[in-house]
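Numbering (numbering that gives the first Met the number 0), first residue to last: 0 to 235.
Quick reminder that beta carbons are idealized off the backbone N, C-alpha and C, glycines included.
Quick caveat: nothing in here was measured; it's all calculated off a predicted structure.
First the structure, in the form of structure tokens, and then the observations on it.
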Amino acid sequence: MSAILGVIGSLLFVAVVLILLVHFGVHKEVLHLLEWFKQQGAWAPVLFMLIMAAVVVLLLPGALFTVGAGFVFGVVAGSVYVLLGTTFGAVLAFLIARYCFGQRAREFVMARAKLKLVNDELTPNGWKIVLLTRLIPFFPGKISNYFFGLTQFSLRGYIGGSLLGFIPFTVHNVYLGSLIADISSFDFTSRERSMWEWGLYAGGLLAAIAVIIYLNRLASRALAQYTEQDTQKEPD
């Protein structure tokens, strides 16, 4: 039940962010930017991924861009571009924390018992921890990029865990954007949807929700198990 509530909550969160952006008029600028992407031809994916990376590094809300990828690029390509851009941004944040924050920041973070536990005891399973945190709704993912950079987690494991962990929510949100575009007849791609894509929408969206719920349950249990096991190892 908690996993279902988590997914519902994440959907409501995305909806609230979009409503706020629309209310304050920010959506107009983003929509203009998305339309501008369409006009850039072969450079559009590269520019979009760079902006997605900047959104992650600067801790900005990226919901409208993620949903907008479905508007501009379609489901498959949009998911790939968001996934690569988000992962690239996460890696940049990781490297900034590791090589630019300095020893003081590392000591400040590691002074917290639970965070020190993550660094000292869970490093061998670092990629799994990163993967699991990416699958949990409402986990502060953008901030955690900087935290992971201050740990001893390997860069390769961090990239692998992030790349895999970002997939479910990325695909789900891009689906939403593409569906919204079709339902509202506000389609930046100006093309007819194929039967394959409509079938992908119907079955894929339901499958994505089911997978997210299932993965969230697994992630929550596994993360709790890791933490519990390593807490028991701590000396009194």
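Inter-residue Cα distance where the pair is residue i and residue j
| i | j | result |
| --- | --- | --- |
| T132 | M51 | 20 Å |
| I128 | L162 | 13 Å |
| V15 | F107 | 34 Å |
| Y157 | G101 | 20 Å |
| F281 | V79 | This structure cannot settle anything about residue 281, because the visible part of the chain is limited to 0 through 235. |
| A104 | L178 | 43 Å |
| F138 | L130 | 12 Å |
| I18 | V45 | 28 Å |
| M48 | L83 | 7 Å |
| G61 | G140 | 12 Å |
| W42 | W35 | 11 Å |
| F147 | V75 | 29 Å |
As assigned by DSSP and simplified to three states, the class of residue i
| i | result |
| --- | --- |
| S153 | coil |
| Q102 | helix |
| G67 | helix |
| I135 | coil |
| F23 | coil |
| P167 | helix |
| L82 | helix |
Beta-carbon gap between residue i and residue j smaller than 7 Å
| i | j | result |
| --- | --- | --- |
| V71 | K37 | yes |
| N144 | T65 | no |
| L77 | A68 | It is worth fixing the name first, because residue 77 is Gly in this sequence and not Leu. Cβ distance < 7 Å, so G77 and A68 count as in contact. |
| L63 | A96 | no |
| V56 | L91 | yes |
Residue i - containing alpha helix (DSSP H), residue span
| i | result |
| --- | --- |
| G148 | G140 to G148 |
| P44 | A43 to V56 |
Status (buried if at least 16 other CB within 10 Å, exposed otherwise) for residue i
| i | result |
| --- | --- |
| L58 | exposed |
| H31 | exposed |
| W126 | buried |
| G40 | exposed |
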